[in-house]
């Protein structure tokens, strides 16, 4: 059986944005249906669980799944259908609650919805990329470019940075340090085990993704260690590293080198190591974004 290429030439920014719009509309439509059809309180009481499952699957999962596969060239059509459906439900079905009763029904904050949709898109993409029905332009780009899978890793770092900004304001430094070190140990262990298992099983491994041994678990562990530094140090490191890589030819020269010394750990994992400054900056931007939101709203949104 011929292996499908796990990398592509990339998509375009508009197509990537359309995927996230589909996710946002799916969540909004799901909330509308739960409220307008009085399903939310029934679910809380353990009723209509199976009906709710299929309704939510059709709204939350199916649009993204079709967008990644059978309707990959009709993303705008999915957006239009979701938008019209939300409009019709919003203005034709009357709420069965008073405004006071509606406020008492527990909702889900935006961050939880964001993480849930991010994990859903990630699961579809990771499982789907090995099948012919999954367009190669949605897969990670080989060297340069943008695709929906490229943005997925960045979104995980963004979510982590935002969560840390909230966590830091609610917990003491000692508790935060302990929690982060636990996460470092878990992700570091997974990152160390993965290349060993890949080697033992003979699983196909794309060296141009992160390098010979590096992987996203090790990236997460490194960013977590970075998060323990004082705020000013993080800002200076993130900005200076990225300015240096952008202004010098080092980034292009290193990535475009065809020959490398596989016995040199740094050279063998250059792709993963060179991606770290970008992830540091994304983390810091998300952290500052979360801080500002907390200052203005006083709560997690």
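In the numbering used here, the protein residues as written are 2 to 302.
C-beta: ideal position from N, C-alpha, C; glycine also.
Values in this document were obtained by computation on a predicted structure and should not be read as measured data.
Near residue i, what residues of its chain come up, given a Cβ to Cβ distance below 7 Å and the 5 sequence neighbours on each side ignored?
i           : result
residue 99  : Note that residue 99 has pLDDT 47, beneath the 50 cutoff, so the model's placement of it is unreliable and the number below is only indicative. Nothing meets the Cβ criterion.
residue 19  : 76, 77 and 80
residue 279 : 243
residue 86  : 30
residue 135 : 69, 70 and 129
residue 192 : 216, 218, 219 and 222
residue 177 : 168 and 169
residue 164 : none
residue 67  : 79
residue 204 : none
residue 232 : none
residue 62  : 121
residue 84  : 26
Kindly indicate which residue of the options has the alpha-carbon position closest to the one of residue i.
i           : options               : result
residue 36  : 240, 22, 68 and 91    : 91
residue 209 : 258, 245 and 170      : 258
residue 236 : 273, 194 and 281      : 281
residue 295 : 51, 52, 170 and 67    : 170
residue 190 : 166, 204, 222 and 174 : 222
residue 166 : 175, 142, 65 and 289  : 289
residue 11  : 146, 28, 26 and 111   : 146
residue 27  : 51, 50 and 114        : 114
residue 226 : 253, 32 and 188       : 188
residue 156 : 297, 13 and 17        : 17
residue 22  : 232, 201 and 82       : 82
residue 64  : 50, 248 and 25        : 25
residue 1   : 212, 164 and 51       : The structure shown has nothing for residue 1, since the chain only spans 2 to 302.
residue 118 : 131, 58, 172 and 132  : 58
residue 154 : 248, 133 and 276      : 276
residue 32  : 202, 230, 249 and 88  : 88
residue 138 : 229, 297 and 14       : 14
residue 229 : 246, 175 and 248      : 175
Going by DSSP, name the residue or residues bridged to residue i.
i         : result
residue 9 : 142
Output needed for residue i: all residues of its chain with C-beta closer than 8 Å, excluding positions within five of it in sequence on either side, in chain order.
i           : result
residue 34  : 40, 56, 60 and 90
residue 104 : Low confidence applies here, because residue 104 scores a pLDDT of 47, under 50, leaving its location unreliable and the question unanswered by this model.
residue 266 : 214
residue 94  : 37 and 38
residue 102 : Note on residue 102: pLDDT 47, under 50, position unreliable in the model; the coordinate value appears next. Counting only Cβ-Cβ distances below 8 Å, and skipping sequence neighbours, we find nothing.
residue 286 : 159 and 162
residue 349 : The structure shown does not extend to residue 349, since the chain spans only 2 to 302, so no value can be given for it.
residue 261 : 268, 269 and 271
residue 141 : 7, 8, 9, 148, 150, 151 and 210
residue 199 : 206
residue 172 : 180
residue 202 : none
Which same chain residues end up closer than 6 Å to residue i when comparing Cβ atoms and leaving out the 5 residues on each side of it in sequence?
i           : result
residue 284 : 158, 162 and 224
residue 160 : 116
residue 293 : none
residue 1   : Since the first residue shown for the chain is 2 and the last is 302, residue 1 is missing from the structure and cannot be characterised.
residue 2   : Any reading at residue 2 is ruled out, since the residue's pLDDT is 46, under 50, leaving its predicted position unreliable.
residue 273 : 211, 212 and 215
residue 126 : 150
residue 253 : none
Could one say the Cβ of residue i lies closer than 8 Å to chain C's Cβ atoms, at least one of them?
i           : result
residue 243 : Of the chains in the structure shown, none is chain C; there is only one protein chain.
Are the segment 207 to 222 and the segment 234 to 250 touching, with three or more C-beta to C-beta distances below 8 Å? no
Are three or more beta carbon pairs between the segment 117 to 124 and the segment 184 to 191 nearer than 8 Å? no
| What are the start and end residues of each continuous alpha helix (DSSP H) run of 4 or more residues lying completely inside the segment 215 to 251, in chain order? | Listed in chain order, the complete alpha helix (DSSP H) runs (minimum 4 residues) inside the segment 215 to 251 are 217 to 228 and 232 to 248.
>> Going residue by residue through the segment 55 to 85, where are the continuous alpha helix (DSSP H) segments of at least 4 residues, counting only ones entirely within it?
In response: Within the segment 55 to 85, the complete alpha helix (DSSP H) runs of at least 4 residues are 63 to 69.
Where in the segment 162 to 205 do unbroken runs of the alpha helix (DSSP H), each at least 4 residues long, occur, reported from the N-terminal end onward? 174 to 202
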